[in-house]
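Enquirer: If you scroll down you'll find the structure; I have some questions about it.
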Amino acid sequence: MPSTTIQFFGYEHLPKDLQEVSKACYDLAQLMENTLSDGAEKSAGMRKLLEAKDCFVRSQLEKKNK
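Residue numbers (my numbering): 1203 to 1268.
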């Protein structure tokens, strides 16, 4: 059963420069989704990866707006 978090790793809707940052996290999320067994630790890791992705995208936005 796929994690429910995987749906939030989409990046196609973002501007090109943000897509590059977000896609790296998407690729890792897909790898983990397809490699690891379902469970509490996988779910926690996926949530933390999503949080990290959001931080990385915001960091790129800050760089862009300077």
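Ideal placement from N, C-alpha and C gives every residue a C-beta, glycine not left out.
Just so it is clear, the structure is predicted and the values come from calculations on it, not from any experiment.
Cα separation between C1227 and N1236?
Expert: 14 Å
Enquirer: Considering Cα atoms alone, identify which of I1208, Y1213, S1245, Q1209 is closest to F1258.
Expert: Y1213
Enquirer: Using the rule of at least 16 other Cβ atoms within 10 Å of the residue's Cβ for burial, across every protein chain shown, is A1231 buried or exposed?
Expert: buried
Enquirer: Leaving out the 5 sequence neighbours to the left and right, which residues in its chain are closer than 8 Å to S1245 when beta-carbon positions are compared?
Expert: S1205, T1207
Enquirer: What is the rounded straight-line gap between the Cα of L1233 and the Cα of K1268?
Expert: Per the coordinates, the alpha-carbon of L1233 lies some 33 Å from the alpha-carbon of K1268.
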